[in-house]
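A short write-up of the structure that comes next.
Spelled out as structure tokens, the structure:
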């Protein structure tokens, strides 16, 4: 099945996570020529993800895939899809949480994008040390991400 009809569940408006993940989603949509049926906020919350997905399914029963900007919303969307009997819709989350990775390994989520907190923590300490020493620091320090799929 070629995925074309996609829904995005967004995080809390104005947060860097929602902005940056949303921008990455837009780039992927443009590169793969997906048809975005809807982009709705669900505030990084599992229950809101469930409720928003239930409402979106009413308007867009032909959805083929869901990208949620975090695993909590992805798991909420998954529950809504399961309740509606939509087992063929691909759901991808973000964060690589234990619940998200468990859902991937059991075949419920198609994937999650895992952050590497040890890198984030190390970079934070290094940056704080530079600031305390009066050294110049960058505005942003990108860290690696890892795509988690069922093994």
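Numbering (the UniProt record's numbering), first residue to last: 1 to 151.
Don't be surprised by glycine CBs; every beta carbon is placed ideally from N, CA and C.
Rounded C-beta distance between residue i and residue j? I'm assuming under 8 Å.
i           : j           : result
residue 64  : residue 6   : 7 Å
residue 114 : residue 146 : 4 Å
Flag this pair as yes or no: are the beta carbons of residue i and residue j separated by less than 7 Å?
i           : j           : result
residue 85  : residue 46  : no
residue 56  : residue 74  : no
residue 69  : residue 11  : yes
residue 143 : residue 120 : yes
residue 13  : residue 50  : no
residue 44  : residue 8   : no
residue 42  : residue 29  : no
Identify, in the order they occur along the chain, each residue of the same chain with its Cβ nearer than 7 Å to the Cβ of residue i, setting aside the five sequence neighbours on each side.
i          : result
residue 71 : 93, 94, 95, 97, 99, 100 and 112
Pull up the DSSP beta-bridge partners for residue i, would you.
i           : result
residue 135 : Bridge partners of residue 135: none, in fact.
residue 95  : 114
Considering only residues of the same chain and omitting the five flanking positions on each side of residue i, which have a CB-CB separation below 8 Å?
i           : result
residue 137 : 127, 130 and 131
Using a Cβ-Cβ cutoff of less than 6 Å, which residues in the same chain neighbour residue i once the five nearest sequence positions on both sides are dropped?
i          : result
residue 48 : 42
Quiz item: If we count Cβ pairs, one from each stretch, closer than 8 Å, do we get three or more for the stretch 127-138 versus the stretch 90-102?
Solution: Output reads no: the stretch 90-102 does not touch the stretch 127-138.
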